[in-house]
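As numbered in the UniProt record's numbering, residues 1 to 412 make up the sequence shown, in order. One structure is given below, encoded as structure tokens.
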Amino acid sequence: MDLLRFITAGSVDDGKSTLIGRLLYDSKSVFQDQLEAIERAGQVNGQVNLALLTDGLKAEREQGITIDVAYKYFSTPKRKFIIADAPGHVQYTRNMVTGASNVDLAIILVDARKGVIEQTYRHSYIVSLLRIPYIVVCVNKMDLVEFSQNRFEEIKAEYLRFAAELGIKEIEFIPISALNGDNVVDPSQGMPWWKGNTLLGYLEEINIESDESKQETRFPVQYVIRPQTEEFHDYRGYAGQIRSGIFRRGDEISVLPSGLKSRIKSIDTHEGSVEEAFAPMSVTILLEDEIDIGRGDMIVLSGSPPIVSQDLEADICWMDTKALVPGNKYLLRQTTGSVKSAVREISFRIETQTHEKVEVSQLGLNEIGRIKIRTAKPIAFDKYSKNRGTGSFVLVDEGTNNTVGAGMISGS
Numbered sequence: 001m002d003l004l005r006f007i008t009a010g011s012v013d014d015g016k017s018t019l020i021g022r023l024l025y026d027s028k029s030v031f032q033d034q035l036e037a038i039e040r041a042g043q044v045n046g047q048v049n050l051a052l053l054t055d056g057l058k059a060e061r062e063q064g065i066t067i068d069v070a071y072k073y074f075s076t077p078k079r080k081f082i083i084a085d086a087p088g089h090v091q092y093t094r095n096m097v098t099g100a101s102n103v104d105l106a107i108i109l110v111d112a113r114k115g116v117i118e119q120t121y122r123h124s125y126i127v128s129l130l131r132i133p134y135i136v137v138c139v140n141k142m143d144l145v146e147f148s149q150n151r152f153e154e155i156k157a158e159y160l161r162f163a164a165e166l167g168i169k170e171i172e173f174i175p176i177s178a179l180n181g182d183n184v185v186d187p188s189q190g191m192p193w194w195k196g197n198t199l200l201g202y203l204e205e206i207n208i209e210s211d212e213s214k215q216e217t218r219f220p221v222q223y224v225i226r227p228q229t230e231e232f233h234d235y236r237g238y239a240g241q242i243r244s245g246i247f248r249r250g251d252e253i254s255v256l257p258s259g260l261k262s263r264i265k266s267i268d269t270h271e272g273s274v275e276e277a278f279a280p281m282s283v284t285i286l287l288e289d290e291i292d293i294g295r296g297d298m299i300v301l302s303g304s305p306p307i308v309s310q311d312l313e314a315d316i317c318w319m320d321t322k323a324l325v326p327g328n329k330y331l332l333r334q335t336t337g338s339v340k341s342a343v344r345e346i347s348f349r350i351e352t353q354t355h356e357k358v359e360v361s362q363l364g365l366n367e368i369g370r371i372k373i374r375t376a377k378p379i380a381f382d383k384y385s386k387n388r389g390t391g392s393f394v395l396v397d398e399g400t401n402n403t404v405g406a407g408m409i410s411g412s
């Protein structure tokens with residue numbers, strides 16, 4: 001079975017945790033001891049508080065909010081799933097960015113009574129910024145608006161008006177009631193006008209096309225294997241995970257940032273040698289020539305190189321209480337490499353609700369902006385819009401070893 005990774009996002013009290021709890025409960029993915037524990041914890045409106053299946057922190061339960069990203073795993077006969085439950089508060093934007101960084105689909109919850117609000121704009125913008133290709137807008141709490149089809153259509157039209165400029169590949173709308181289970185796993189009896197799929201049915205059937213194998217070939221070297229044993233005396237292999245594209249034995253390759261060239265002699269896997277390998281396989285590549293390659297270098301097919309530069313421009317979500325100001329120095333970690341870097345300029349801060357670009361002198365906690373960075377030596381990268389794997393990075397404060405920013409490269 002294939003795997004679908006998705007995130008839920010929405011405003012506080014829109015029902016994200018309850019929705020995930022309902023998916024787990026109605027799909028029979030809750031262990032008996034878990035069910036007994038949340039039953040003992042109390043009920044909501046006479047029903048089991050399903051939100052407790054994801055809100056595990058004591059502070060989350062006391063305040064009735066989600067603070068950190070909670071990951072849940074379940075499967076049906078058709079597909080496996082990993083769910084990331086993201087917090088809705090503005091002050092936890094960094095948590096949402098972390099949770100959404102590697103998902104295939106986002107579920108945006110909208111309260112049927114409130115409609116599209118500022119949090120909806122903000123979360124949808126972050127989803128588009130992270131290039132998540134598919135969105136499901138779940139209009140929740142339909143039971144509180146008497147399952148009104150007109151109200152559902154109003155919210156759908158309002159969302160589509162502002163979403164047109166976000167460039168999202170596909171948007172699906174589903175009316176639900178997470179608390180009662182309407183259109184979550186089972187069809188709703190209260191909405192006979194809805195002829196579409198249930199949420200779980202949609203998640204099971206959507207075709208998430210992986211475009212990694214269609215992208216330009218990228219292989220960041222993670223480790224150099226030199227057994228130096230009698231059996232493998234001259235063995236020199238470059239191990240790692242293929243980020244995108246397909247490599248074949250005999251391909252002419254370039255090593256970046258040095259620009260040295262060679263050909264692929266063989267491709268080894270745990271099961272043995274193969275004629276070709278593709279993302280996201282973990283392999284060891286052997287070359288015909290002995291050239292200087294180390295961790296952080298990137299092997300690519302000759303003729304399709306990424307950008308190699310010391311200067312890059314990127315959108316960044318700032319994750320530290322200490323503000324980002326020009327001149328600050330950080331360790332930049334991208335693919336398997338690390339390099340010292342300095343922030344040259346903050347171009348603007350992005351108002352996620354309005355998409356307005358505001359000139360600022362610094363970026364604070366949970367703010368998103370455009371910056372320019374210079375690295376101590378050239379690195380190989382792609383624009384994030386073309387390759388999420390090689391176009392992303394994190395900034396690390398060397399003094400504290402804390403990750404302080406998550407970046408998406410827009411150019412050089």
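Ideal Cβ placement from N, Cα and C applies to all residues, glycine included. In this text, all values refer to a predicted model and were calculated from it rather than measured experimentally.
Beta-bridge partners of ILE371, as assigned by DSSP = Counting from one through the sequence shown, the residue named residue 371 turns up at place 371. Answer is ALA314 and ILE346, bridged to ILE371.
Cβ shell of THR269 (< 8 Å), same chain only, five flanking positions each side left out | Numbered from 1 along the sequence shown, position 269 holds the residue referred to as residue 269. Apart from sequence neighbours up to five positions away, the residues of its chain that approach THR269 with a beta-carbon distance below 8 Å are ALA277, MET281, SER282, VAL283 and THR284, ordered along the chain.
Could you tell me whether the segment 191-198 touches the segment 212-227, where touching means 3 or more Cβ pairs closer than 8 Å?
-> No, because fewer than three Cβ pairs between the segment 191-198 and the segment 212-227 fall closer than 8 Å, the two stretches do not touch.
Would you report the Cα separation of LYS141 and GLY399, rounded to the nearest angstrom?
-> The residue you call residue 141 lines up with position 141 of the sequence shown. The residue you call residue 399 lines up with position 399 of the sequence shown. The straight-line gap from Cα to Cα measures roughly 47 Å.
Three-state class that DSSP yields for ILE126 in the structure shown | The residue labelled residue 126 in the question sits at position 126 within the sequence shown. Here ILE126 carries a helix assignment [DSSP, helix/strand/coil].
Cut-off 6 Å between Cβ atoms - residues of its own chain near TYR159, not counting five sequence neighbours on either side | As a position in the sequence shown, residue 159 is number 159, starting the count at 1. Only VAL116 and VAL137 meet the Cβ criterion.
What residues are listed by DSSP as bridge partners for GLY240?
-> Position 240 of the sequence shown, counted from the start, is the residue given in the question as residue 240. Beta-bridge partners assigned by DSSP to GLY240: VAL283.
Can you pull the DSSP bridge partners for ASP111?
-> In the sequence shown, counting from the first residue as 1, residue 111 sits at position 111. ASP111 pairs with ASN140.
Give the straight-line distance between the Cα atoms of GLY407 and LEU130, rounded to the nearest whole angstrom.
-> Reading the sequence shown from its first residue, position 407 is the one you call residue 407. Reading the sequence shown from its first residue, position 130 is the one you call residue 130. So the two alpha carbons sit approximately 10 Å from each other.
Boundaries (first-last residue) of the alpha helix (DSSP H) holding VAL97 | In the sequence shown, the residue the question calls residue 97 occupies position 97. Membership of VAL97 in the alpha helix (DSSP H) is indicated by the continuous run 93-100.
Find out if the Cβ-Cβ distance for the pair GLU249, ILE267 is shorter than 8 Å.
-> Translated into the one-based positions of the sequence shown, residue 249 becomes position 249. Translated into the one-based positions of the sequence shown, residue 267 becomes position 267. The sequence shown places Arg at residue 249, not Glu. Yes, Cβ-Cβ distance for ARG249 and ILE267 is below 8 Å.
Taking Cβ positions, are ILE316 and GLY369 nearer each other than 8 Å?
-> Sequence index remark: in the sequence shown, residue 316 carries index 316 (1-based). Sequence index remark: in the sequence shown, residue 369 carries index 369 (1-based). Yes. Within cutoff.
Under a Cβ-count criterion, where at least 16 other Cβ atoms within 10 Å of its own Cβ denotes burial, should GLN119 be classed as buried or exposed?
-> Residue numbering aside, residue 119 sits at position 119 when the sequence shown is read from its first letter. Buried, since its Cβ has 16 or more Cβ neighbours within 10 Å.
Identify which residue in SER124, SER11 and VAL274 has its Cα closest to the Cα of ALA112.
-> In the sequence shown, counting from the first residue as 1, residue 112 sits at position 112. Comparing Cα-Cα distances from ALA112 to each of SER124, SER11 and VAL274, the minimum goes to SER11.
At which residues does the alpha helix (DSSP H) containing TYR202 begin and terminate?
-> For this step, residue 202 is matched to residue 202 along the sequence shown. Unbroken alpha helix (DSSP H) run through TYR202: 199-205.
Where the beta strand (DSSP E) containing SER254 begins and where it ends = In the sequence shown, counting from the first residue as 1, residue 254 sits at position 254. It spans 252-256 - the beta strand (DSSP E) in which SER254 sits, taken as one unbroken run.
So what does DSSP say about ASN401, is it helix, strand or coil?
-> Counting from 1 along the sequence shown, the entry for residue 401 is found at position 401. It is coil, neither helix nor strand.
List the residues that DSSP assigns as beta-bridge partners of GLU276.
-> Locating residue 276 in the sequence shown gives position 276, where the first residue counts as 1. Looking at the DSSP assignment, GLU276 forms a beta bridge with ARG248.
Within 10 angstroms of the Cβ of ILE373, are there 16 or more other Cβ atoms? Answer buried if so, exposed if not.
-> Here residue 373 refers to the residue found at position 373 when the sequence shown is read from its first residue. When all chains shown are included, ILE373 counts as buried.
Work out the CA separation of PHE393 and LYS383 for me, nearest whole Å.
-> Position 383 of the sequence shown holds residue 383. Position 393 of the sequence shown holds residue 393. In this model, LYS383 and PHE393 are separated by some 11 Å (Cα to Cα).
Local Cβ density within 10 Å of ASP186, reported as buried at 16 or more and exposed below that = For the purposes of this step, residue 186 is identified with residue 186 of the sequence shown, where counting begins at 1. With fewer than 16 Cβ atoms within 10 Å of its Cβ, ASP186 is classed as exposed.
Closest by CA to ARG236, which one among ILE264, LEU260 and ILE246?
-> For the purposes of this step, residue 236 is taken as the residue at position 236 of the sequence shown. Closest option to ARG236, Cα to Cα, is ILE264.
For GLY10, write down the residues that DSSP places opposite it in a beta bridge.
-> Start at 1 with the first residue of the sequence shown, and residue 10 comes out as number 10. As computed with DSSP, GLY10 is found in a beta bridge with LEU109.
Using three-state DSSP, classify LEU3 as helix, strand or coil.
-> Numbered from 1 along the sequence shown, position 3 holds the residue referred to as residue 3. Note: LEU3 maps to strand in three-state DSSP.
Helix, strand or coil at TYR159 [DSSP, three-state] = On the sequence shown, position 159 is the one that residue 159 refers to. TYR159 falls in the helix class under three-state DSSP.
Answer yes or no: do ASN69 and THR98 have a C-beta to C-beta separation smaller than 8 Å?
-> By 1-based counting over the sequence shown, the position of residue 69 is 69. By 1-based counting over the sequence shown, the position of residue 98 is 98. In the sequence under discussion, the amino acid at residue 69 is Val, which differs from the Asn named in the question. Yes, the Cβ-Cβ distance between VAL69 and THR98 is below 8 Å.
Rounded to whole angstroms, what's the CA-CA distance from residue 451 to ALA376? Just pull it up for me.
-> The chain is shown only over 1 to 412; residue 451 falls outside these bounds and no answer can be derived.
Please state whether DSSP places GLY167 in a helix, a strand or coil.
-> The count along the sequence shown starts at 1 and reaches residue 167 at position 167. Collapsing the DSSP output to three states places GLY167 in coil.
Nearest to ILE107 (by Cα), restricted to the options ALA100, ILE83 and ILE135 = For the purposes of this step, residue 107 is taken as the residue at position 107 of the sequence shown. When each option's Cα is compared against that of ILE107, the closest is ILE135.
If you follow the alpha helix (DSSP H) that ASP26 is part of, which residue opens it and which one closes it?
-> For the purposes of this step, residue 26 is taken as residue 26 along the sequence shown, with counting starting at 1. Under the DSSP assignment, ASP26 falls in the alpha helix (DSSP H) whose first and last residues are 16-26.
Euclidean distance between Cα positions of ARG94 and MET319 | Translated into the one-based positions of the sequence shown, residue 94 becomes position 94. Translated into the one-based positions of the sequence shown, residue 319 becomes position 319. Between ARG94 and MET319, the C-alpha separation is close to 6 Å.
Should TYR223 go down as buried or exposed, given a rule of 16 or more other Cβ atoms within 10 Å for buried?
-> Counting from one through the sequence shown, the residue named residue 223 turns up at place 223. By the neighbour-count rule (16 or more Cβ atoms within 10 Å), TYR223 is not buried but exposed.
Taking the alpha-carbon positions, what's the ILE20 to ILE171 distance?
-> The residue given as residue 20 occupies position 20 in the sequence shown. The residue given as residue 171 occupies position 171 in the sequence shown. Cα to Cα, the separation comes out at about 20 Å.
Can you find at least 3 beta carbon pairs, one from the segment 294-310 and one from the segment 250-261, that sit closer than 8 Å?
-> Cβ pair count under 8 Å is three or more, so yes.
Tell me, which residues are paired with GLY407 by DSSP?
-> Translated into positions along the sequence shown, residue 407 becomes position 407. Paired residues: ILE316 and PHE393.
In angstroms with no decimal places, state the Cα-to-Cα distance between VAL404 and LYS386.
-> In the sequence shown, the residue the question calls residue 404 occupies position 404. In the sequence shown, the residue the question calls residue 386 occupies position 386. Between VAL404 and LYS386, the C-alpha separation is close to 24 Å.
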